[in-house]
Structure formats: C-alpha cells, structure tokens
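Chains as they are written, first to last, in my numbering: chain C, 1 to 341; chain U, 342 to 682.
Here the structure comes first, spelled out in structure tokens, and everything after it is commentary.
2 protein chains.
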Amino acid sequence: MNRPTQVDVAQRAGVSRATVSYVLNGLTAGRVPISDETRQRVLEAIEALGYEPDARAQALRSGSTNTIGLIIPDLNNPHFCEYASGVEDAARTAGYHILLSSTSLNEKNAVNIFKDLARRRFDGLIITNSLILESVEAQATLEQIRKRGLPVVEVGDCYGVDAIFADYRQVTKEVVAYLLSLGHRRLGFVYGVGSHELGLDRLEPFQEQLAAAAACEPELIVECGPTMEEGYRAARQLLASPNRPTAILVINDLLAISAMRAAADLGLRVPADLSVVGYDDIPIASFLVPRLTSVSKDAYSSGRKSFEILQARMDNPDLPRQVLRLPAKLIVRESTGPAPA
Amino acid sequence: MNRPTQVDVAQRAGVSRATVSYVLNGLTAGRVPISDETRQRVLEAIEALGYEPDARAQALRSGSTNTIGLIIPDLNNPHFCEYASGVEDAARTAGYHILLSSTSLNEKNAVNIFKDLARRRFDGLIITNSLILESVEAQATLEQIRKRGLPVVEVGDCYGVDAIFADYRQVTKEVVAYLLSLGHRRLGFVYGVGSHELGLDRLEPFQEQLAAAAACEPELIVECGPTMEEGYRAARQLLASPNRPTAILVINDLLAISAMRAAADLGLRVPADLSVVGYDDIPIASFLVPRLTSVSKDAYSSGRKSFEILQARMDNPDLPRQVLRLPAKLIVRESTGPAPA
DNA sequence: TTGTATGCGTTATCAT
DNA sequence: ATGATAACGCATACAA
Chain C
1 MNRPTQVDVA QRAGVSRATV SYVLNGLTAG RVPISDETRQ RVLEAIEALG
51 YEPDARAQAL RSGSTNTIGL IIPDLNNPHF CEYASGVEDA ARTAGYHILL
101 SSTSLNEKNA VNIFKDLARR RFDGLIITNS LILESVEAQA TLEQIRKRGL
151 PVVEVGDCYG VDAIFADYRQ VTKEVVAYLL SLGHRRLGFV YGVGSHELGL
201 DRLEPFQEQL AAAAACEPEL IVECGPTMEE GYRAARQLLA SPNRPTAILV
251 INDLLAISAM RAAADLGLRV PADLSVVGYD DIPIASFLVP RLTSVSKDAY
301 SSGRKSFEIL QARMDNPDLP RQVLRLPAKL IVRESTGPAP A
Chain U
342 MNRPTQVDVA QRAGVSRATV SYVLNGLTAG RVPISDETRQ RVLEAIEALG
392 YEPDARAQAL RSGSTNTIGL IIPDLNNPHF CEYASGVEDA ARTAGYHILL
442 SSTSLNEKNA VNIFKDLARR RFDGLIITNS LILESVEAQA TLEQIRKRGL
492 PVVEVGDCYG VDAIFADYRQ VTKEVVAYLL SLGHRRLGFV YGVGSHELGL
542 DRLEPFQEQL AAAAACEPEL IVECGPTMEE GYRAARQLLA SPNRPTAILV
592 INDLLAISAM RAAADLGLRV PADLSVVGYD DIPIASFLVP RLTSVSKDAY
642 SSGRKSFEIL QARMDNPDLP RQVLRLPAKL IVRESTGPAP A
C-alpha cells in the first residue's frame with residue numbers, strides 16, 4: 001500500500017540497501033563496484049516496485065533541496081512574469097526548482113519566505129524588490145542568513161549581497177532630453193508605486209533633469225497606487241487639469257496603458273495631443289495602438305543572469321561579491337511625437 | 342558555524358531534545374506537559390541561538406512538505422498569471438508554498454514535475470493544461486500517482502482526477518449568436534495554440550454554431566502558434582484577404598491584441614470595419630483602446646477554487662471525486678459592433 | 001513534568 | 001563486490 005523504499009527494493013533484489021544506493025548513484029570512488037548481474041536485478045526490482053527516491057530524505061541527508069526561492073512583487077505585472085520566466089528557464093536547465101512567491105505588495109509574505117530560507121527549505125534566494133527592507137524582523141532574518149552564508153541575489157542594491165543592477169536613472173535623463181527635444185515643455189509623471197521608494201530610480205532623475213532645464217512643475221507629478229485602476233484615475237485627473245502636460249512618463253507599461261485609456265476618454269489623441277512613455281517594455285507594448293514608446297531592461301535575460309549569479313554563489317560560497325549592471329535603453333515607438341502647437 | 346539544532350537548544354537550556362520539541366509544538370495529548378519556567382528557558386535559548394526548525398527533517402518525519410506543485414502553460418500570458426495568483430493567495434493562507442513550473446509548451450518539464458510528486462517533493466499538484474497527456478512516460482507516472490492516491494487537481498477533464506471545469510463551449514455559441522445578431526455573416530477565427538487540442542472548447546462550438554446558421558467558411562479559420570508575433574502574422578494574413586471576415590474570434594486576449602494591431606496596420610477600424618472578440622478577459626482588456634470584448638472565466642477565483650479542491654483532497658484522500666464547473670460569460674465592450682454595410 | 005529510545009529514507013564509511 | 005552501521009534533525013510513544 002505504501003510507497004516502496006530502498007529496503008523494499010533491496011529485499012526484492014536480494015541485496016542490501018547500500019547496493020541499491022550504489023546502483024542509483026553510479027560509480028562512487030572512480031570505480032564501479034557493482035556486478036552487471038546484480039545491477040540488473042536491482043534495476044528490475046526498482047522497475048517492478050515503481051520505486052522513486054524520496055526527495056525529502058535526500059534533502060535531509062545531502063543538505064540540499066535543488067530548489068531556489070524567488071520573490072517577485074506582483075504576478076499581475078507582465079514585467080515580473082517575464083523576469084520570472086527567465087529565472088525559471090535557467091533554473092530548470094540547471095536542475096533546480098522554483099518556490100515562487102509574489103509578495104502582492106504585502107511585506108509579511110516576504111518575511112515568511114525569508115524564514116523558510118533560514119529553515120533550509122531551499123538552497124538559494126532571488127529577491128526582486130526592496131519591500132522587505134522596512135521590516136525589523138526581516139532585517140534580523142536576513143542578517144542571520146548572511147552570517148550563515150546562504151546564497152542570496154537581489155535585483156537592486158540594498159543588502160550588500162550579490163546583486164544585479166538594472167536601474168533606470170541614466171536612461172530616464174535621456175527620455176526627458178528626448179521629450180524636450182520634441183518641443184515638450186510640460187512633462188508629467190504618473191507615479192504608481194507600492195511604496196514611495198520603489199520608483200525613485202525614475203522619479204529622481206526626472207526631477208533633476210527637468211530642474212536643469214528649468215521646466216520642473218511639481219504639480220504635474222501625481223502619485224498613486226500600483227494597480228491599473230489607480231493609474232487610470234491618477235492619469236485622468238492629471239490630464240483633465242487646465243494646464244495639463246503635453247507628455248507624460250508613467251512608472252511602468254501597465255499603468256501607461258491605463259494612462260492612454262484615460263487620454264482617450266478625455267478625447268486626447270496619442271501622440272498628437274499627448275506623448276506617453278512607459279517603462280519595462282512588456283511584450284504587449286509593441287502591439288498596442290499606438291505602439292508604446294518604452295524603456296527596456298530586458299527582463300527575461302535579466303532573470304537568466306540572476307540565476308547564473310546565484311548558481312555561481314551556490315557552487316562556490318567564497319566568491320567575492322558579484323555585481324552585474326545591465327543596460328536599459330529607450331525604445332521609441334508611436335506613442336511619442338512632437339509637442340502640439 | 343553551522344546552524345543550531347534542537348540538541349544545541351536543549352543543551353543551552355539544560356533540558357532534553359524532546360522538551361524542546363514539546364515547547365515548539367505546544368500540547369501533545371491535550372495536556373501541556375511543560376512548566377512555564379522551563380518553557381521560558383527553552384524559548385530564551387531558541388532566541389539566543391537563532392534556532393529555526395529544519396524543514397527538511399520535519400518533512401521527512403511528518404511526511405508532508407507544506408508545498409504544492411503548480412504547472413501552468415505560459416508565464417507570459419497574464420491569464421495564467423492571474424490564475425496562479427489565485428492559487429498562491431489561497432495556498433499561502435493555508436500555510437502552503439508553491440513550486441511553480443511553466444511548461445513553456447515543453448512536455449519533458451511536465452513529466453519531471455509529475456515525478457517530483459511521486460518523490461514527495463510536494464504534497465499535491467495542480468495542472469492547468471493537457472499537454473502531458475501525450476507522453477507514454479507521463480501516462481505511466483500519472484497511473485502510479487493515481488494508484489497511490491496522491492492529490493492532483495486538473496483544470497480540464499483528461500485524467501479522471503479531481504477537476505475544475507471552466508470550458509468555453511457554451512459561451513462560444515452565445516458569442517457567435519451575438520455576432521450574427523449584429524449582422525455579421527463572415528466570421529473568422531484566429532486559432533493560436535501550442536497543440537491543436539488545446540483550444541477545441543472554442544473552435545468546435547464556433548464551427549457547430551456557424552454550420553447551424555449555414556455560415557461556416559473554413560478558410561476564415563487560421564491556425565498559428567501561441568505567441569503574439571505568430572498571432573499577428575496569422576491575423577494580418579486573414580484580414581488582408583479579399584473576402585476578409587467582418588468579425589473575428591481570437592483564441593485569447595493576448596492574441597486578440599495582436600489581431601487588433603494587425604487590423605490597424607491594414608487600415609481597418611475596430612469595431613467599424615472589424616469586430617474582435619477575445620478570451621480570458623485579462624485585466625488589460627478593459628483598458629485597451631478600444632476596450633476589448635472578451636469572454637471571462639474569472640481566472641483568479643478559479644485559482645483559489647483549485648487550491649481549495651486540492652486541499653480538501655489532501656485533508657481527506659478518501660473523498661469521492663470532486664468536480665467543479667465554473668461559469669464563463671461574454672463581456673461586451675467596445676471592440677464589437679454592427680457589421681459594416 | 002521530563003528524559004530515553006526509536007524510526008523516517010538516504011547516503012557515507014567502514015568492514016568483510 | 002557487497003553488507004552492516006552510523007549519521008542527518010526531528011517527533012513521539014513510553015518510561016521514569
């Protein structure tokens with residue numbers, strides 16, 4: 001009735017457990033200590049009983065679970081899914097499984113995942129946001145994890161662990177310069193974030209660059225929550241004001257879609273009346289009408305790279321700190337154009 | 342250097358291992374056999390050492406991992422992410438973690454996941470596609486899993502395990518009737534699927550209903566791959582033909598977006614020249630310009646339900662087969678309208 | 001109320 | 001080439 005164990009296999013084959021283990025793991029010390037005849041008997045017994053090694057026992061014995069944790073902020077944003085997709089492909093190729101957790105902008109979830117790491121439910125961890133930073137409890141857990149040398153890779157730069165940078169600072173200045181060159185003087189920003197710090201790599205350079213051009217108008221920056229609905233309302237309010245911007249940056253493509261919808265509802269044409277720039281370049285962006293101008297940091301390969309960094313750390317805990325900086329670039333499509341006369 | 346174990350805690354508190362275990366797990370047989378004074382000492386030791394129970398050992402001892410497997414076809418389709426999001430929320434609430442795997446239309450991945458269930462890397466499994474059906478190896482593994490009564494929930498109806506139905510047959514007939522009532526006589530279908538069987542709950546009723554109305558034109562059905570690019574090319578080809586359809590159904594919203602882009606590139610206005618209906622009602626659909634008419638089966642709550650069914654099975658393996666049928670409904674928005682004169 | 005002993009399934013180390 | 005034995009860390013029935 002119960003699932004078969006090594007003992008069952010050994011009995012059926014008339015050998016000891018160790019022999020079964022040898023057969024499964026092949027040669028032990030450069031030698032093959034099992035006769036072909038015995039090996040056959042064992043393999044037959046395995047087949048007959050439908051034996052599968054117990055991953056839990058293997059994990060306990062060997063110390064590793066062949067599993068990594070992955071924390072992303074939001075499963076409903078295609079950008080993070082694309083990223084996760086990259087991590088997953090790379091991980092699978094390397095024989096690892098993924099324990100996925102979306103924090104759903106809920107800090108407690110992230111803390112729990114951290115604790116699971118401490119309990120060694122997985123061998124390494126990739127975190128893609130800085131949400132956790134706030135919690136004292138999470139900080140303490142992270143400190144423990146680091147002391148024990150458990151591999152962690154972060155996307156960003158908060159914790160001093162291995163990291164992959166893909167921030168939007170530099171390219172945002174280029175975006176602003178680009179819009180200014182098109183004649184826009186009133187630039188708006190729809191800042192839909194889970195917590196204020198999360199988009200500063202876009203907001204700050206936006207403000208700086210505009211200040212440098214003496215074109216900064218704080219009332220054109222609207223802050224809202226991270227959902228499409230909130231983005232829609234914020235954008236609509238911004239665009240309905242008498243001195244509305246002629247171009248807007250939106251924190252990500254998802255909300256940029258909301259914003260374009262808001263523009264349409266107000267009778268504004270994109271890009272004739274309003275230019276729109278999003279971030280992340282989600283796959284849908286290039287199929288919209290009009291095609292969305294966006295800033296890309298190549299989420300998929302960023303995901304792959306993240307895993308590679310993690311794997312390097314898992315293979316060799318003594319590596320010096322790894323930091324990879326990924327480029328981001330502006331992709332001009334149809335949602336941006338010259339400022340209206 | 343190494344992480345502390347129960348023994349370390351016991352030594353530091355001057356008690357035995359069992360006592361530590363008792364403190365952690367609370368009352369054993371209706372009684373609390375630990376004095377408050379001792380409990381305090383143990384808790385202090387746990388705190389001081391930063392002790393965390395080892396989940397691997399717990400899994401081996403208790404038999405369960407508090408983890409479930411989740412297989413979805415494609416992380417790049419928001420529909421499946423929404424579904425996964427529902428599963429995740431429900432699972433987290435119940436104290437379970439999720440091992441996520443996107444098959445990416447790769448059958449081998451799915452087989453491996455199946456085997457992981459047999460190896461008890463997780464306690465239950467939710468599968469959302471029928472890809473696995475084809476493989477002989479997978480069939481054998483599934484047969485074993487079923488014999489042992491391991492919990493599996495499928496979205497669909499292939500394997501005879503617990504299932505959640507959310508098929509589009511009935512509602513597709515309504516969609517066709519709706520379009521006919523708008524005066525459309527030439528209806529097209531963009532069938533972008535990983536393998537032919539996967540969208541039959543949409544294609545077959547489409548054909549049947551049209552045949553009933555004597556309006557079936559096979560050349561208006563184009564089959565293509567599941568990516569947005571492939572959908573774009575297929576739709577463009579269909580819409581460029583001299584006797585193009587005046588309305589199209591598209592296998593899912595993602596490809597419907599492609600199709601609307603193709604229409605725009607051919608100078609066709611939606612819905613004036615062409616009506617478009619998608620499936621899944623992804624969140625973005627209602628923010629598009631024009632808002633996309635779509636068919637919804639409420640992916641998020643479908644995800645939640647899936648987990649609840651799985652949990653019922655995990656709690657009680659002897660339950661009769663559970664089958665839940667979820668309704669799907671047509672949501673009319675702006676991408677459909679009267680047939681052009 | 002607490003300590004002792006045993007088992008979970010695997011793998012590594014020793015003998016044989 | 002093979003077999004016995006001891007860990008891995010935890011939980012629990014049972015004895016003290």
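Just so you know, even glycine gets a beta-carbon here, dropped at the ideal spot from N, CA and C.
Just so we're clear, the structure is a prediction, and the values are computed from it rather than from any experiment.
Does the structure place the segment 422-433 of chain U close enough to the segment 72-82 of chain C that three or more beta carbon pairs sit under 8 Å?
yes
Mapping DSSP to helix, strand and coil, what is Phe122/C?
coil
Unbroken alpha helix (DSSP H) run spanning Arg236/C, endpoints:
Met228 to Ala240
8 Å Cβ cut-off: residues of chain U touching Cys224/C:
Result: empty, since nearest Cβ-Cβ is about 15 Å, beyond 8 Å.
Does DSSP put Gln352/U in a helix, in a strand, or in coil?
helix
Quick one: what's Lys329/C bridged to in DSSP?
Ser296/C
Between Asn77/C and Gln352/U, what straight-line distance do the alpha-carbon atoms span, to the nearest angstrom?
49 Å
Quick one: measure Cβ to Cβ for Val23/C and Arg39/C, integer angstroms, because I've assumed they're closer than 8 Å.
That pair is a contact at about 5 Å.
Would you verify that the beta carbon of Ile98/C is, or is not, closer than 7 Å to some beta carbon of chain U?
yes
If I'm right that Tyr532/U touches Leu520/U with Cβ under 8 Å, what's the distance once you round it to whole angstroms?
Approximately 17 Å separates the beta-carbon atoms of Tyr532/U and Leu520/U; this is outside 8 Å, ruling out the contact.
Residue ranges of each alpha helix (DSSP H) within the segment 185-235 of chain C, 4 or longer
200-212
If we cut at 7 Å on Cβ distances, does Glu393/U have a partner in chain C?
It does: the Cβ of Glu393/U has a partner Cβ on chain C nearer than 7 Å.
Determine the contact status of Leu343/C and Leu440/U, defining contact as a CB-CB distance below 7 Å.
This structure gives no information on residue 343/C, because the portion of chain C shown stretches from 1 to 341.
Would you verify that the beta carbon of Met569/U is, or is not, closer than 7 Å to some beta carbon of chain C?
yes
Which listed residue (Asn316/C, Ser306/C, Arg333/C and Pro338/C) has its alpha carbon closest to that of Val323/C
Ser306/C
With a floor of 4 residues, list each alpha helix (DSSP H) that falls wholly inside the segment 26-94 of chain C, ordered by position along the chain.
Counting only runs of 4 or more residues that sit fully inside the segment 26-94 of chain C, the alpha helix (DSSP H) segments are 36-49, 55-62 and 78-93, in chain order.
Give me the chain C residues within the contact set of Asp457/U, using Cβ-Cβ distance strictly less than 8 Å, ordered along the chain.
The contacting residues are Ala55 and His97.
When you compare the CB of Ile145/C with every CB in chain U, is at least one pair closer than 7 Å?
no
Span of the beta strand (DSSP E), counted from its first residue to its last, around Ala613/U:
Unbroken run through Ala613/U: none, as it is neither H nor E.
Status (buried if at least 16 other CB within 10 Å, exposed otherwise) for Ser241/C:
exposed
Less than 7 Å separating the beta-carbons of Ser275/C and Ala235/C?
no
Give the secondary structure of Ile257/C by DSSP, where H, G and I count as helix, E and B as strand, and everything else as coil.
Helix.
Min CB distance Ser616/U to chain C below 7 Å
no
Please classify Pro559/U as buried or exposed, where buried requires at least 16 other C-beta atoms within 10 Å of its C-beta.
exposed
Where the segment 252-270 of chain C meets chain U: residues whose CB sits under 8 Å from a CB there
Leu254, Ile257, Ser258, Met260, Arg261 and Ala264
Take every Cβ of the segment 55-67 of chain C, pair it with every Cβ of the segment 110-128 of chain C, and state whether three or more of those distances are shorter than 8 Å.
yes
Could you give the residue range of the alpha helix (DSSP H) that holds Ile486/U?
Val477 to Arg489 is the span of the alpha helix (DSSP H), which, as asked, contains Ile486/U.
Hey, is Glu137/C's beta-carbon within less than 7 Å of any beta-carbon in chain U?
no
Establish whether the CB of Arg460/U and some CB of chain C are separated by less than 7 Å.
yes
Output, in chain order, the set of chain C residues within a Cβ distance shorter than 8 Å of Asn584/U.
Contacts between Asn584/U and chain C, judged by CB atoms closer than 8 Å, are missing: the closest CB pair is about 24 Å apart.
Express the C-alpha separation of Gln578/U and Ala566/U in angstroms, rounding to a whole number.
First, the amino acid is wrong: residue 566/U is Gly here, not Ala. Near 14 Å, if we compare the C-alpha coordinates of Gln578/U and Gly566/U.
Nearest to Ala211/C (by Cα), restricted to the options Arg185/C, Asp298/C and Asn129/C
Arg185/C
Taking only beta-carbon positions, decide if Ser643/U is within less than 7 Å of chain C.
No, because no Cβ of chain C sits closer than 7 Å to the Cβ of Ser643/U.
Alpha carbon to alpha carbon, what distance is there between Ile468/U and Val7/C?
32 Å
The segment 318-338 of chain C contacting the segment 260-274 of chain C, beta-carbon criterion three pairs below 8 Å:
Flag = yes, the segment 318-338 of chain C and the segment 260-274 of chain C touch.
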